[in-house]
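>
Numbering (the numbering used here), first residue to last: 65 to 994.
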């Protein structure tokens, strides 16, 4: 009978689970069953595999039900484990009813609504709306801190707008994205969202993005007047059609529907424009390895090297600075002043950093309070951290250099008086509170009169109980007697077996043990009932008092965020100063517009691991040249575009990347790795470095390269910094040179962006003589590689005596890349190296396109050469046939050769661009080959 009842109970619970599961579209459902949360059925099996849980089998009416459970107080880490894998988990909590227990869905925990973050990184939830092909709106919220941001992304066409929208998504790296209906219905955009982000993509209800509903949600959360005050369209009776409001309203409704309970912490709606920050597209952030290396590791990234923060909030803010450099000079100069002050005040700096070591994350504590998950220890952390603000401010004020810096203003931003009042309210909590908020023992005496009365009466009853053993011993004469309490028997009197004969009649036996008997009395039972009533009432009253105090903390979320932001800012600035001092960095001179001038610049990451050769750089249109110096008919103060040539592995890429990183560091307010630096503020940094296949998306190395180049050519402006490395190398030589040549012309003549372009197409060095602003620099080499007649082999570990890569960048071009030499250094077998030198020597004698713009083709072993020569400088063609002698008169030409000769003679040279000329030559050569 008991088994049947158990089967029925299990079957009923499983049925309830299945009914609740049908109500949610979450990936998993976990349901409270008494003191455990249980997964059932297929959910149990899957979760067990993911989280290494034990699966048990329960039977009901011949069916087996897999179950996997965790204790109630252990649910959070398991939820976190599932959510961080991208799953959405519905939670059904149990509550008491007149008929017993009932369960209902209370919340859905998703990647973007997980509060229990244990690292310093922000966890953004994003919503993306689109009202036109060329206009997007984005809303971004971090539920762990209460931050709420909106922006738009527009462009001249749909492609440009989409690129900008995805740039913002990459910048914030959301863990979950809610695409609006127009985004979901666009196959290309939807596929790109799935392919180009690691975020969980959730299809929220389409009606949540509707103008009327979104406007209502946003106004209800932030106030009716807020939209207009922050520059958002207020809309008409049907709601605003601003895509930012659509995204904001949808995001708010999603947070509310998941039951996260943190809407009250989102008190401030902030708008920002992309123009406020330096444009860093996804490719650039990856190529510059800002927060992770190309292999996806934090170690070795710029963030890893520069992060010296003491707090999780400071670390999060510093990461944000790296990913979102600023353009406004006042902000950058204030940061620079603060870093300089910290750099000059070592003792005060370390004192402040020691103080910050005791700070907790106020932004996240505010969100926990709003959610109702903050416990008494969390509120103590709030109190302790608020107390640090005046201490840090006093440390700043006591140092003259720091006191004169912007740091004092930073620490004045939080309302000191309001913070002091909140600290005083939190003094009511005892120093070492219990881990749960329902068992009492949370508050000091004097906090609440009713609580004090309960405590007094509780103490009286405890005193009566404490005195009971001695009183009973005196009255009964029993010597081996004690009073104790446990969960099973409650309060009891225990008497040893040797004296049980002396037990009075008023003792009622409870239990017999091996060496003793347990008893109770009417008076003890009454006192037990009283103390239980007192403890229950105390627990209820203290919980009510605590919930009220926690709500008051939540109501001050804006204050906590302000104080937390101030401490995080001080922490990030002090960390930058630590690195600057330890590594001999200098403060850059910032300019609104102008050159990038660096003396003895270094790569901030590479210099940490190897002995670094510093290099100078002059890039821009206003650098001062030596008196009267001119090159190629152009003034040398015009250096907007540098063609960088030199050997493989000589440091060209490092030289260009360090220029980009120094610029970026200057635009977060940091010192930079150089002896001196003048940095003109840029609106964007764009890079095309390296080559990666994306075969899963149907894109080859060259396609990826061309798409990245296309983005740069569409996005860069005259105020941008562009870094190009080996454009055109992924295709045939003529195609590659043509693309590189045309891109150089476009960047130099039309966009006029400051550009560094590394290439092994030495033909491009001739552009310095033809295009304004184009100049050549090269990485110097000492010595020559072995010729084809020399022995170039060497054993591993031997030094190279022929060529030394100096890693010093000098003005002017180079005409070789030393690729065979690098192959030798890499250990390529000697026969391959020697044959390579032979082939290279032959090609140099009969190269297809030389630096002057000539083209030739060899017939190989026949020793005959058919030539079509086009001098780009003079615009003259010459044709002929050679058998190895000094020349020929052109007699005996084939019909194909005659047609080519006729086409050459008829060509209008002045109407051909260099790229068109090269293309025409290629066509003629193809005809001659046929």
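Using N, Cα and C, we set each Cβ at its ideal position, and we do this for glycine too.
Can you tell me whether residue 341 is helix, strand or coil according to DSSP?
Residue 341: strand per DSSP, three-state reduction.
> Does the Cβ-Cβ distance between residue 37 and residue 725 come in under 9 Å?
As shown, the chain starts at 65 and ends at 994. That puts residue 37 outside it, with no answer to give.
> Determine the direct distance from the alpha carbon of residue 452 to that of residue 423, and round the result to whole angstroms.
Distance between the alpha carbons of residue 423 and residue 452 is about 7 Å.
> For residue 622 and residue 446, what's the separation of their Cα atoms in angstroms?
Approximately 13 Å, taken between the alpha carbons.
> Would residue 154 and residue 94 qualify as a contact pair, given that the criterion is a beta-carbon distance under 9 Å?
The answer is yes: Cβ separation under 9 Å.
> Do residue 207 and residue 233 come within 9 Å of each other at the CB atom, strictly closer than that value?
For residue 233 and residue 207, no; Cβs fall outside 9 Å.
> Compare the C-alpha of residue 111 against each of 144, 444 and 750 and name the closest.
It is 144.
> Grab me the residues of residue 511's own chain with a C-beta within less than 6 Å of its C-beta, minus the 5 sequence neighbours each way, in chain order.
Result list for residue 511: 492, in chain order.
> Which of the three DSSP states is assigned to residue 720 in this structure?
Reduced to three states, the DSSP call for residue 720 is helix.
> Could you give the distance in angstroms between the alpha-carbon of residue 429 and the alpha-carbon of residue 619?
So the two alpha carbons sit approximately 12 Å from each other.
> Count the CB pairs spanning the region 657–666 and the region 676–683 that are closer than 8 Å, and state whether there are at least three.
Segments in contact, yes.
> Less than 9 Å between the beta carbons of residue 381 and residue 366, yes or no?
No, the pair does not count as a contact, with Cβ atoms beyond the cut-off.
> Can you name the start and end residues of the beta strand (DSSP E) that residue 471 belongs to?
Not the beta strand (DSSP E): residue 471 falls in the alpha helix (DSSP H), residues 471–476.
> Go through the region 403–432 residue by residue and report every complete run of the alpha helix (DSSP H) that reaches 4 residues or more, in order.
With a minimum length of 4 residues, the continuous alpha helix (DSSP H) runs that stay inside the region 403–432 are 410–420.
> For the region 176–188 against the region 205–222, are there 3 or more C-beta pairs whose distance is under 8 Å?
As far as the Cβ criterion goes, the region 176–188 touches the region 205–222, which means the pair count is three or higher.
> Does the Cβ of residue 165 have 16 or more other Cβ atoms within 10 Å, making it buried, or fewer, making it exposed?
So residue 165 ends up on the exposed side.
> Report the rounded CA-to-CA distance for residue 348 versus residue 607, giving the unit in angstroms.
Approximately 52 Å between the Cα atoms of the pair.
> Given that a residue counts as buried once 16 or more other Cβ atoms are within 10 Å of its Cβ, and exposed if not, what is residue 137?
By the 10 Å Cβ count, residue 137 comes out exposed.
> For residue 499, which residues of its own chain have a beta-carbon under 8 Å away from its beta-carbon, when the five flanking residues on both sides are left out?
Result list for residue 499: 439 and 441, in chain order.
> Is the beta carbon of residue 639 less than 9 Å from the beta carbon of residue 659?
Cβ distance not < 9 Å, so residue 639 and residue 659 don't count as in contact.
> Where are the beta strand (DSSP E) runs, 3 residues long or more, that stay fully inside the region 231–307, in chain order?
Listed in chain order, they are 240–243.
> Buried or exposed for residue 350, going by 16 or more other Cβ atoms inside 10 Å?
Classification for residue 350: buried.
> Go ahead and label residue 720 buried or exposed: buried means 16 or more other beta carbons lie within 10 angstroms of its beta carbon, across all protein chains shown.
With 16 or more Cβ atoms within 10 Å of its Cβ, residue 720 is classed as buried.
> Use the C-beta contact count for residue 988: other C-beta atoms within 10 angstroms, 16 or more gives buried, fewer gives exposed.
Buried: at least 16 other Cβ atoms inside 10 Å.
> Under a Cβ-count criterion, where at least 16 other Cβ atoms within 10 Å of its own Cβ denotes burial, should residue 711 be classed as buried or exposed?
Under this definition residue 711 is a buried residue.
> Starting from residue 796 and walking both ways along the beta strand (DSSP E), at which residues does that stretch end?
Note, residue 796: premise wrong, no beta strand (DSSP E); not H, not E.
> With residue 817 and residue 874 assumed to form a contact (beta carbons below 8 Å), what rounded beta-carbon distance in angstroms separates them?
With 8 Å as the limit, residue 817 and residue 874 do not qualify as a contact, their Cβ atoms being about 24 Å apart.
> Report the option in 396, 529 and 560 whose CA atom is closest to the CA atom of residue 576.
Considering only alpha carbons, the answer is 560.
> Go ahead and pull the three-state DSSP assignment for residue 767.
Helix at residue 767.
> If distances are taken between C-alpha atoms only, which option among 600, 825, 730 and 250 comes closest to residue 654?
Considering only alpha carbons, the answer is 730.
> Could you pull out every residue in the same chain whose Cβ sits closer than 6 Å to the Cβ of residue 78, ignoring the five residues on either side in sequence?
Only 104 and 129 meet the Cβ criterion.
> Rounded to whole angstroms, what is the Cα-Cα separation between residue 371 and residue 649?
Taking the straight line joining both Cα atoms gives about 15 Å.
> Does DSSP put residue 354 in a helix, in a strand, or in coil?
Coil, per DSSP.
> If residue 236 sits next to residue 346, beta carbons under 8 Å apart, how far is it from one beta carbon to the other, in whole angstroms?
Actually they do not touch by this definition, with Cβ atoms about 12 Å apart.
> Measuring CB to CB, does residue 376 end up less than 9 Å from residue 184?
Contact: yes.
> Please list, in chain order, all residues of the same chain as residue 100 whose beta carbon is under 7 Å from its beta carbon, the five residues on each side excluded.
Hits under 7 Å: 133, 134, 135 and 136.
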